[in-house]
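Q: The structure that follows is given in the form of structure tokens.
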Amino acid sequence: MSYPVVSESAEPFVQPDSIVRRIWGDADVILLVFAGSAAEFALNRAVDWLFFTGKLPADPIARLFSTVRYAQEIVFAPGPKARQAISRMGAIHKGVEQKRGYQIPDWAYRDVLYMLIDYSVRAFELLHRPLTPTEKDEVFSTFRAVGAGMHVPDLPGTYADWQIDRESHLNRDLVRSEYTDRLFRRYREQLGNWRYDLLRQAQALLVPRQVSRLLDLPAKPLLNYTMSLYKVFNAVGLRSVVQRILLPTAYLDQIRALDQ
Numbered sequence: 007m008s009y010p011v012v013s014e015s016a017e018p019f020v021q022p023d024s025i026v027r028r029i030w031g032d033a034d035v036i037l038l039v040f041a042g043s044a045a046e047f048a049l050n051r052a053v054d055w056l057f058f059t060g061k062l063p064a065d066p067i068a069r070l071f072s073t074v075r076y077a078q079e080i081v082f083a084p085g086p087k088a089r090q091a092i093s094r095m096g097a098i099h100k101g102v103e104q105k106r107g108y109q110i111p112d113w114a115y116r117d118v119l120y121m122l123i124d125y126s127v128r129a130f131e132l133l134h135r136p137l138t139p140t141e142k143d144e145v146f147s148t149f150r151a152v153g154a155g156m157h158v159p160d161l162p163g164t165y166a167d168w169q170i171d172r173e174s175h176l177n178r179d180l181v182r183s184e185y186t187d188r189l190f191r192r193y194r195e196q197l198g199n200w201r202y203d204l205l206r207q208a209q210a211l212l213v214p215r216q217v218s219r220l221l222d223l224p225a226k227p228l229l230n231y232t233m234s235l236y237k238v239f240n241a242v243g244l245r246s247v248v249q250r251i252l253l254p255t256a257y258l259d260q261i262r263a264l265d266q
């Protein structure tokens with residue numbers, strides 16, 4: 007298996023026909039990726055780094071959109087611009103480290119990359135269809151290349167190796183803390199009660215068992231029984247109506263702009 011490399015080549019960082027572009031060009035899939043990531047990162051032992059800047063607890067939804075913009079720039083931009091985006095991400099993190107006076111742990115960088123890999127697969131499969139082994143390799147190799155471009159050490163070499171290391175990280179790096187509860191209170195404040203409950207149901211459908219247990223997510227979320235309805239609405243052109251019902255109106259334009 008060959009990996010995309012961060013070089014001076016003008017080749018696209020992600021090929022136009024890659025499943026990665028389909029995943030990261032679908033607003034609904036992206037929202038599920040970040041629903042899962044919002045659950046898991048709230049439990050991460052390094053979540054205090056996001057509280058250091060204050061941006062995440064102040065406005066988690068705005069933070070989501072800024073993160074998505076970086077991800078989409080990498081996935082859809084020409085090769086040189088994608089590499090510039092990766093370099094900017096690295097520089098931003100280094101700047102935060104300098105202000106705080108010590109480094110973000112290497113394992114925390116890997117945790118974030120692993121979340122993007124895992125929830126890209128889980129979210130797409132929940133809304134659409136199972137990915138093939140080749141497509142899963144594409145997702146893995148793309149984010150592995152992002153990590154390599156940010157000089158994250160000790161990245162696994164294959165999707166199979168990543169699965170083993172992912173499980174190890176889940177068992178080692180998660181804990182429910184005061185930061186967890188503070189973040190979930192902010193989610194509720196921004197979304198309102200019923201949308202917050204919907205978020206937790208979506209998270210219950212997506213996250214690994216370790217995350218679900220620590221957050222006490224619903225064991226049998228009602229949302230599971232309506233996923234087929236979403237697919238019907240999508241097929242008959244009512245996707246925008248569903249988005250308007252389920253999502254805060256203040257963010258609808260930004261959400262719809264995620265579609266590529």
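Numbered by the numbering used here, the letters in the sequence shown go through residues 7 to 266 in order.
Where is the CB? At the ideal position from N, CA and C, for every residue including glycine.
Kindly indicate the opening and closing residues of the alpha helix (DSSP H) around Y165.
A: Position 159 of the sequence shown, counted from the first residue, corresponds to residue 165. Start and end: 165 to 178.
Q: I'd like the ranges of any alpha helix (DSSP H) spanning at least 4 consecutive residues and lying wholly in the stretch 45 to 114.
A: 54 to 59, 61 to 64, 66 to 82, 85 to 106
Q: CA-CA distance, S8 and W200?
A: Position 2 of the sequence shown, counted from the start, is the residue given in the question as residue 8. Position 194 of the sequence shown, counted from the start, is the residue given in the question as residue 200. Caution is warranted here: a pLDDT of 44 is assigned to S8, below 50, making its placement in the model unreliable, and no coordinate value can be reported.
Q: Taking C-alpha atoms, which residue in P22, D203, M156 lies nearest to G96?
A: By one-based count along the sequence shown, residue 96 stands at place 90. Nearest option by C-alpha distance: M156.
Q: Would you tell me roughly how many angstroms separate the C-alpha atoms of D143 and P22, rounded to the nearest one?
A: Locating residue 143 in the sequence shown gives position 137, counting from the first residue. Locating residue 22 in the sequence shown gives position 16, counting from the first residue. Whole-angstrom Cα-Cα distance: 16 Å.
Q: Assuming S129 and V35 are in contact, meaning their beta carbons sit under 8 Å apart, how far apart are those beta carbons, in whole angstroms?
A: Position 123 of the sequence shown, counted from the start, is the residue given in the question as residue 129. Position 29 of the sequence shown, counted from the start, is the residue given in the question as residue 35. According to the sequence as given, residue 129 is Ala; it is not Ser. About 5 Å; that satisfies the 8 Å criterion.
Q: Using only CA atoms, which one of L220, W30, I170 lies nearest to Q266?
A: To locate residue 266, count along the sequence shown from 1; it is residue 260. Ranking the options by Cα distance to Q266, first place goes to W30.
Q: In the DSSP assignment, the alpha helix (DSSP H) including E17 goes from what residue to what residue?
A: Reading the sequence shown from its first residue, position 11 is the one you call residue 17. It is not in any alpha helix (DSSP H) - E17 carries neither H nor E in the DSSP assignment.
Q: Would the beta-carbon of L49 fall within 7 Å of that of L220?
A: Your numbering for residue 49 matches position 43 in the sequence shown. Your numbering for residue 220 matches position 214 in the sequence shown. Taking 7 Å as the Cβ cut-off, L49 and L220 qualify as a contacting pair.
Q: Is the number of C-beta pairs between the stretch 209 to 225 and the stretch 39 to 49 that are closer than 8 Å three or more?
A: yes
Q: Going by C-alpha to C-alpha distance, which of S93, L133, I92, D117 sits closest to N230?
A: Residue mapping note: residue 230 aligns to position 224 of the sequence shown, counting from 1. The residue with the shortest Cα to Cα distance from N230 is L133.
Q: Nearest to A114 by alpha carbon, out of D167, D179, K87?
A: Locating residue 114 in the sequence shown gives position 108, where the first residue counts as 1. It is D179.
Q: Taking all protein chains shown into account, do 16 or more other C-beta atoms lie within 10 angstroms of the C-beta of S147, making it buried, or fewer, making it exposed?
A: For this step, residue 147 is matched to residue 141 along the sequence shown. Looking at its Cβ environment, which holds 16 or more other Cβ atoms inside 10 Å, S147 is buried.
Q: If we call anything under 7 Å between Cβ atoms a contact, is Q209 one with L223?
A: Looking up residue 209 in the sequence shown gives position 203. Looking up residue 223 in the sequence shown gives position 217. Yes; because the gap between Cβ atoms is below 7 Å, this pair is in contact.
Q: Distance, Cα to Cα, E79 vs R94?
A: As a position in the sequence shown, residue 79 is number 73, starting the count at 1. As a position in the sequence shown, residue 94 is number 88, starting the count at 1. Their Cα atoms are separated by approximately 11 Å.
Q: For M121, collect the residues of the same chain with a Cβ closer than 8 Å to its Cβ; drop the 5 residues on either side in sequence, then sort them by chain order.
A: By 1-based counting over the sequence shown, the position of residue 121 is 115. Around M121: G42, S43, E46, F47.
Q: Identify whether W30 lies in helix, strand or coil by the three-state DSSP scheme.
A: The residue you call residue 30 lines up with position 24 of the sequence shown. If DSSP states are grouped into helix, strand and coil, W30 belongs with coil.
Q: With 16 as the cutoff for other CB atoms within 10 Å, does R135 come out buried or exposed?
A: One-based indexing of the sequence shown puts residue 135 at position 129. Exposed, by the Cβ-count rule.
Q: Does the beta-carbon of I25 have 16 or more other beta-carbons within 10 angstroms, so that it is buried, or is it exposed?
A: Here residue 25 corresponds to residue number 19 of the sequence shown, with the count starting at 1. Burial call: buried.
Q: Is G163 closer than 7 Å to L119 when the C-beta atoms are compared?
A: For the purposes of this step, residue 119 is taken as the residue at position 113 of the sequence shown. For the purposes of this step, residue 163 is taken as the residue at position 157 of the sequence shown. No, they are not a contact pair.
Q: Just mark R89 as buried or exposed, buried being the case when its beta carbon has 16 or more other beta carbons within 10 Å.
A: The count along the sequence shown starts at 1 and reaches residue 89 at position 83. That one is buried.
Q: Can you list, in chain order, the residues of its chain whose CB lies under 7 Å from that of I123, leaving out five sequence neighbours each side?
A: As a position in the sequence shown, residue 123 is number 117, starting the count at 1. So the qualifying residues of the chain are V145, F146, F149, W168.
Q: My output table needs one value for I261: the three-state DSSP class, helix, strand or coil.
A: Residue mapping note: residue 261 aligns to position 255 of the sequence shown, counting from 1. DSSP places I261 in helix when its eight states are reduced to three.
Q: Report buried or exposed for D259, applying the criterion of at least 16 other Cβ atoms within 10 angstroms of its Cβ.
A: Residue mapping note: residue 259 aligns to position 253 of the sequence shown, counting from 1. That one is exposed.
Q: How big is the Cα-Cα spacing for R75 and S183?
A: Residue mapping note: residue 75 aligns to position 69 of the sequence shown, counting from 1. Residue mapping note: residue 183 aligns to position 177 of the sequence shown, counting from 1. Computed Cα separation, rounded: 29 Å.
Q: Alpha carbon to alpha carbon, what distance is there between Q104 and A225?
A: Here residue 225 refers to the residue found at position 219 of the sequence shown. Here residue 104 refers to the residue found at position 98 of the sequence shown. A225 and Q104: Cα-Cα distance of roughly 42 Å.
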